[in-house]
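Working notes, beginning with the structure itself.
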Ligand SMILES: Nc1ncnc2c1ncn2[C@@H]1O[C@H](COP(=O)(O)OP(=O)(O)O)[C@@H](O)[C@H]1O
Ligand SMILES: [Mg+2]
């Protein structure tokens, strides 16, 4: 059944002694600075010597690839059932939602494609009350599906996964990160349910197995890892560093192959893994290309990895320090070429060895690269946020336009199209007219007091209070203690609340965050993830919703009434 279990593969040679180092095939993580450690070369070597099938994904243009591989068509099995859509939603909202199931079931009734789910959701969202949780859920899903559905329709996917021995690469470079994640997840799912003895390589793991955020790949990785090992399917995780990736899948990896790092914190993280005292920061900083500290089960080896196609003897020499790893480079462009095996190994170098100034310059440049990579990753996440904002704004804008179209066709501003003398005054006029329209026909809640009757006013109030009261009554008993504590303190720090309540009750951090989320959804508290400050916010919420209808005293009465619902029912 499990033909790969216990399979030992040659990883390389121990630095110093030149002894062979073998690795048990298992879930594996490999880290190290891009271009300076040799991760891709190592993975290729392992797969080539295992003689198994592997699937890798190319997610970035220009990403240093494998030497020997076969490109296959991306595989994607479109699902539109509620379990699948729930897991997408979980990934989009970053956290598990407690009440979403019935809404998702409604949206996925009889659906076969995500396009149909999207259409259902647009319908349901239009029908649902704009302030409810259901509407939030639908909006988040709609926004996400609007990104992926057109892309799913644009690309041609294979419905079957035909693998060849060696590395099968799916090129996903033209897809958005969201779709890449769906494709990788779908492939993992297919492998687990239909295949065995297949290795899946997750590249750029910080993007698909990130810390602090869910993705379809991350949610599925746990299942893959758990079920995979017993049928010989393994995950190889490739990442520049340990910092950005989720630790849960890492903990399940028996093999850690850790290469050169430069940045202080990351060096420390590597040392931590290795059991600090044995290795110095300089040991990690100076690892040459192809050299790694490998944690293989219980053993730690300093190893020079033998690339595919390089003769053992040569690898041994590098491990013993007799020759430099750059001497084996000539084998790397064409690993299968037997003729090259006899090539002399001590050909004179064409370039003189770099002197101290050059080395210093190289180091400076490397440090600059690290800084730039950090900045790029910050910019990437900012960009991601902005893109979400834009989608949201577009949704709202479309709503405004459709309301206007329905209501007042005759008031539509005449758009000056062929007027070549269009100047700034015309533009101002246009903006004024537009603003006027928006104010007139899309009255935000802050304008409702202009002409509402008191009955109208009451209905609004009742609706809002009912909603909050319902939510508060639904807060589980042991969560209300937290709510009361926050009410008494008005503001407190996350750590303080956790210390006061949860650590003593033996609750896990997960539960803590679930409780916080629940109280936030009930509109009674506000939690700022960046500062860690938790605030009692019911008063603010009532002010926002009812500030124009009721004065402060009346609102305080509402607040007191709602707060009293936190007390146990028999009081
Ligand atoms: N074990 C090795 N011995 C000699 N050269 C290597 C070795 N591993 C990688 N290299 C060289 O180092 C460069 C970067 O390797 P690569 O595997 O693409 O690194 P990474 O995936 O970590 O960015 C390549 O030019 C490759 O030929
Ligand atoms: Mg690489």
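In this note's numbering, the protein residues as written are 6 to 576. All C-beta atoms, glycine included, are put in the ideal place defined by N, C-alpha and C. No experiment lies behind these values; they were computed from the predicted model shown.
By DSSP's criteria, residue i is part of a beta bridge. Which residues make up the other side?
i, result
"residue 13", "29"
"residue 205", "60 and 240"
"residue 77", "175"
"residue 118", "BP columns for residue 118 are empty, so no partner."
"residue 215", "250"
"residue 272", "DSSP, once it has assigned bridges, lists no residue as partnering residue 272."
"residue 34", "242 and 261"
"residue 541", "530"
"residue 18", "25 and 309"
"residue 91", "Beta-bridge pairing links residue 91 to no other residue."
"residue 285", "In the DSSP output, where bridge partners are listed per residue, residue 285 has none listed."
"residue 53", "DSSP output for residue 53 lists no bridge partner at all."
"residue 163", "80"
List the endpoints of the continuous beta strand (DSSP E) containing residue i.
i, result
"residue 296", "296-301"
"residue 497", "496-498"
"residue 565", "Taken as a continuous stretch (DSSP letters only), residue 565 belongs to no beta strand (DSSP E), being part of the alpha helix (DSSP H) at 557-569."
Assuming residue i and residue j make a contact with CB atoms under 8 Å, what is their CB distance in whole Å?
i, j, result
"residue 324", "residue 309", "4 Å"
"residue 278", "residue 251", "With a Cβ gap of about 15 Å, residue 278 and residue 251 do not count as contacting."
"residue 207", "residue 240", "7 Å"
"residue 560", "residue 548", "6 Å"
"residue 400", "residue 144", "7 Å"
"residue 539", "residue 513", "Not really, about 18 Å apart at Cβ, beyond 8 Å."
"residue 435", "residue 480", "Actually they are not in contact, since the Cβ atoms of residue 435 and residue 480 sit about 50 Å apart, beyond 8 Å."
"residue 238", "residue 189", "Contact flag wrong, Cβ pair sits at about 14 Å."
"residue 528", "residue 543", "6 Å"
"residue 36", "residue 245", "7 Å"
"residue 93", "residue 221", "6 Å"
"residue 64", "residue 212", "7 Å"
"residue 292", "residue 264", "6 Å"
"residue 193", "residue 149", "Contact doesn't hold; Cβ gap of about 20 Å is too wide."
"residue 290", "residue 272", "6 Å"
"residue 28", "residue 260", "6 Å"
"residue 51", "residue 14", "6 Å"
"residue 286", "residue 274", "So it is not a contact: roughly 11 Å between Cβ atoms."
"residue 334", "residue 328", "That pair is no contact at about 11 Å."
The alpha helix (DSSP H) that contains residue i, what's its start and end?
i, result
"residue 466", "459-478"
"residue 154", "138-159"
"residue 308", "Run containing residue 308: none in the alpha helix (DSSP H); it sits in the beta strand (DSSP E), 304-310."
"residue 65", "Residue 65 -> no alpha helix (DSSP H), and no H or E assigned at all."
"residue 225", "221-233"
"residue 320", "317-324"
"residue 192", "182-199"
"residue 554", "No alpha helix (DSSP H) holds residue 554; DSSP gives it neither H nor E."
"residue 334", "334-337"
"residue 112", "106-112"
Is residue i close to chain B, meaning its C-beta is less than 8 Å from at least one C-beta of that chain?
i, result
"residue 95", "In the structure shown, chain B does not exist; there is a single protein chain."
Tell me whether residue i counts as near ligand 3, meaning its Cβ is closer than 7 Å to at least one heavy atom of that ligand.
i, result
"residue 161", "As far as ligands go, the structure on display features ligand 1 and ligand 2 and does not contain ligand 3."
### Query
Are at least three pairs of beta-carbons, each pair with one atom in the segment 31-50 and one in the segment 150-166, less than 8 Å apart?
Contact between the segment 31-50 and the segment 150-166 is absent: fewer than 3 CB-CB pairs across the two stretches fall below 8 Å.
### Task
Evaluate the contact criterion for the segment 197-204 versus the segment 75-82: three or more CB pairs, one atom per stretch, below 8 Å.
Here the segment 197-204 makes no contact with the segment 75-82; the two share fewer than three CB pairs at distances below 8 Å.
### Task
Specify which residues have a beta carbon nearer than 5 Å to any heavy atom of ligand 1, listing them in chain order.
Those satisfying the condition are, in chain order, 39, 40, 42, 43, 44, 45, 46, 69, 294, 295, 310, 312, 330, 333 and 337.
### Query
Can you find at least 3 beta carbon pairs, one from the segment 555-562 and one from the segment 490-508, that sit closer than 8 Å?
Between the segment 555-562 and the segment 490-508 there are fewer than three C-beta pairs closer than 8 Å, too few to call the two in contact.
### Query
Counting pairs of Cβ atoms below 8 Å between the segment 362-378 and the segment 60-77, do you hit three or more?
As far as the Cβ criterion goes, the segment 362-378 does not touch the segment 60-77, which means the pair count is below three.
### Query
Pairing CB atoms from the segment 312-329 with CB atoms from the segment 262-281, are three or more of them under 8 Å?
Three or more Cβ pairs closer than 8 Å define a contact, and the segment 312-329 falls short of that threshold against the segment 262-281.
### Task
Would you check if there are 3 or more beta carbon pairs closer than 8 Å linking the segment 167-183 to the segment 125-136?
A contact between stretches requires three or more CB pairs, one per stretch, nearer than 8 Å, and the segment 167-183 fails this requirement with the segment 125-136.
### Query
How about the segment 16-25 and the segment 223-233: do they share at least three Cβ pairs that are nearer than 8 Å?
They do not touch, by the three-pair rule.
### Query
Is it true that the segment 295-307 meets the segment 69-77, where meeting means three or more beta-carbon pairs spaced less than 8 Å apart?
Counting Cβ pairs under 8 Å, fewer than three are found: no touch.
### Query
Should the segment 110-117 be called in touch with the segment 378-392, which here means at least 3 C-beta pairs below 8 Å?
Cβ pair count under 8 Å is below three, so no.
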